[in-house]
Every structure is written in structure tokens, then in C-alpha cells.
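The next block holds one structure in the form of C-alpha cells; read it before the comments.
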Amino acid sequence: QKEVEQNSGPLSVPEGAIASLNCTYSDRGSQSFFWYRQYSGKSPELIMSIYSNGDKEDGRFTAQLNKASQYVSLLIRDSQPSDSATYLCAVKENNNDMRFGAGTRLTVKP
Amino acid sequence: DGGITQSPKYLFRKEGQNVTLSCEQNLNHDAMYWYRQDPGQGLRLIYYSQIVNDFQKGDIAEGYSVSREKKESFPLTVTSAQKNPTAFYLCASSSRDRALGELFFGEGSRLTVL
Chain C
404 QKEVEQNSGP LSVPEGAIAS LNCTYSDRGS QSFFWYRQYS GKSPELIMSI
454 YSNGDKEDGR FTAQLNKASQ YVSLLIRDSQ PSDSATYLCA VKENNNDMRF
504 GAGTRLTVKP
Chain W
227 DGGITQSPKY LFRKEGQNVT LSCEQNLNHD AMYWYRQDPG QGLRLIYYSQ
277 IVNDFQKGDI AEGYSVSREK KESFPLTVTS AQKNPTAFYL CASSSRDRAL
327 GELFFGEGSR LTVL
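Residue numbers (my numbering), protein chains in the order written: chain C, 404 to 513; chain W, 227 to 340.
Here is the structure:
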């Protein structure tokens, strides 16, 4: 069974700190990796995508990918209370299926 | 504006009834998906379709059916055979380009069985 694993949390960080969210995946043939943010009762929204090893930065968000270790992470700098949400890691597998982790719930405390 | 429209947002069903959830997109995407989300859990794939008149089962297809008669539309029927249908249902679409493939989601439909 192919899997995408995330720590369920909750992860709690103070306002202004760096939040670090981690994800591992089992399908070595996966080529595309995504982070979605989901507020309670709402649908997921895409915040980052990454396709090659290394770091990709977009504003306060940095995605990191290590295909050899089958590991992808999301760093949120200068965390704000509005960042409090569940973050879903998604992996597009070689057969074009998109597989999601269970999500990490993040709380940013003022 | 381009996007994905799901309806209804909230739906109540009696046990033994079939219900159909609507999903329409005007993004000109070839691929469409249905996911189910239960409280505190991630998204599980029910069905997906890469092209009109073709669709494949996902991980939890039992008790569900779909059709893809038009590129823009991918309705999901929750049948009476689905034992535990109360959940949040999400429709999504994506470009067929494997190098991209971001999913864009509708606002979701919340189904409650009474």
C-alpha cells in the first residue's frame, strides 16, 4: 500500500516563530509534491508545489524536497495566527494518482 | 471567473436513499477527481477521470458511482450500498500535464445521513 505520512500534531508555535512540517512518502517514482492548507470546514488550497530536489521559497513559505530520502517538508517563517490550519502533504504518484497525508494541525499562538 | 462549483453545499439523506453530488468546472481541465474526507483524516480518493467517457476507481469506490459525459461535469452518486456515507466530499480537477498536476478544489459538499 502506497502511503504518505505526516505527524498529525497538533503543532503549536508562538507568533513570529518558524513552523516546520514534515512528510514522507513511499512511492519512489513520484515526481510532483504539494502542500495544501485547509482551514476548518473549508476545502484545501494550494500553497506550494515542488518538483526537484532542494529548496523552493515563496514569501514566508519554503518547501524542501529530498527524493533520495523520500522526504518533503514545509517551513513557515514569521508564523502568524492566520497560519493556524491543517496542512496537507500531497504526492502525485507515477500512475498520476494524487495521494494525500492525513494532515498536520498547526496552531500559532499570539 | 474560472473555478470548480460543487452543489449542494449541505445535504441530508435518509438511510436507503441515493443522492447525487454535482461538480462542474470551467478551467478546461481534462482530469477530475472525487475525494472523501472524514473528521481528522486526510483525503481518500473515490473515483477519478482523465478523459470524457472514462473513469477509474480510487481506493474507496464501493458504494459510489460516477459518470463523465462532458468534460466540464463529473457528478458523484452516493448509493444506498455505501455503509457510512456521512462525510465531506471534495471535487477537484487538474491539467493532464504530468509535470504540473496541481489539484484545484471546489468548496465541498457536506453529506449527513439521518
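No residue lacks a Cβ here, since even glycine has one placed at the ideal position from N, Cα and C.
Minimum Cβ-Cβ distance from residue i to chain A less than 8 Å
| i | result |
| --- | --- |
| Ser476 of chain C | Among the protein chains of the structure shown, namely C and W, there is no chain A. |
Cβ-Cβ distance between residue i and residue j below 8 Å
| i | j | result |
| --- | --- | --- |
| Asn244 of chain W | Thr338 of chain W | no |
| Asp439 of chain C | Pro447 of chain C | Residue 439 of chain C is actually Tyr in this sequence, not Asp. Yes, the pair counts as a contact, with Cβ atoms nearer than the cut-off. |
| Ser482 of chain C | Gly419 of chain C | yes |
| Gly506 of chain C | Glu408 of chain C | no |
| Arg431 of chain C | Gln467 of chain C | no |
| Arg502 of chain C | Lys405 of chain C | yes |
| Asp461 of chain C | Met451 of chain C | yes |
Interface partners of residue i on chain C, CB under 7 Å
| i | result |
| --- | --- |
| Phe331 of chain W | Ser446 and Pro447 |
| Leu316 of chain W | Ser446 |
Contact list for residue i against chain W, beta-carbon separation under 8 Å
| i | result |
| --- | --- |
| Leu491 of chain C | Gly268 and Leu269 |
Supposed contact pair residue j and residue i - C-beta distance, whole angstroms, cut 8 Å
| i | j | result |
| --- | --- | --- |
| Leu247 of chain W | Pro311 of chain W | Contact flag wrong, Cβ pair sits at about 11 Å. |
| Ile272 of chain W | Ala287 of chain W | 6 Å |
| Ser321 of chain W | Leu237 of chain W | Actually they do not touch by this definition, with Cβ atoms about 29 Å apart. |
| Glu250 of chain W | Glu328 of chain W | About 19 Å; that fails the 8 Å criterion. |
Neighbourhood of residue i by C-beta distance below 6 Å, restricted to the same chain and skipping five residues each side
| i | result |
| --- | --- |
| Leu269 of chain W | Tyr261 and Gln263 |
| Thr305 of chain W | Asn244 and Gly289 |
| Met258 of chain W | Ser275, Phe300 and Ser319 |
| Arg324 of chain W | Annotation note: pLDDT 47 at Arg324 of chain W (below 50); position unreliable, no value reported. |
| Val494 of chain C | Val407, Tyr428, Ser433, Phe436 and Arg502 |
| Asn425 of chain C | Ser476 |
| Thr510 of chain C | Pro413, Ser415 and Ser487 |
Bridge partner(s) assigned by DSSP for residue i
| i | result |
| --- | --- |
| Ser291 of chain W | W:Thr303 |
| Thr427 of chain C | C:Glu408 and C:Tyr474 |
| Leu329 of chain W | Per DSSP, none; premise fails for Leu329 of chain W. |
Partners in chain W for residue i, counting only beta-carbon separations shorter than 7 Å
| i | result |
| --- | --- |
| Gly506 of chain C | Gly268 |
| Phe503 of chain C | Gly268 and Leu269 |
Own chain partners of residue i with C-beta closer than 7 Å, once the 5 adjacent residues on each side are dropped
| i | result |
| --- | --- |
| Ser293 of chain W | Pro301 |
| Ser423 of chain C | Ser476 and Leu478 |
Chain-ordered chain C contacts of residue i [CB-CB under 8 Å]
| i | result |
| --- | --- |
| Gly334 of chain W | Lys445 and Ser446 |
Cross-chain neighbours of residue i in chain W, by beta carbon under 9 Å
| i | result |
| --- | --- |
| Phe464 of chain C | Near Phe464 of chain C there are no residues of chain W at all, since even the closest Cβ is about 15 Å away, more than 9 Å. |
Sequence-distant residues of the same chain with beta carbon closer than 8 Å to residue i, five excluded per side
| i | result |
| --- | --- |
| Arg497 of chain C | Note on residue identity: the sequence assigns Asn, not Arg, to residue 497 of chain C. Cβ within range, chain order: Asp430, Gly432, Ser433 and Gln434. |
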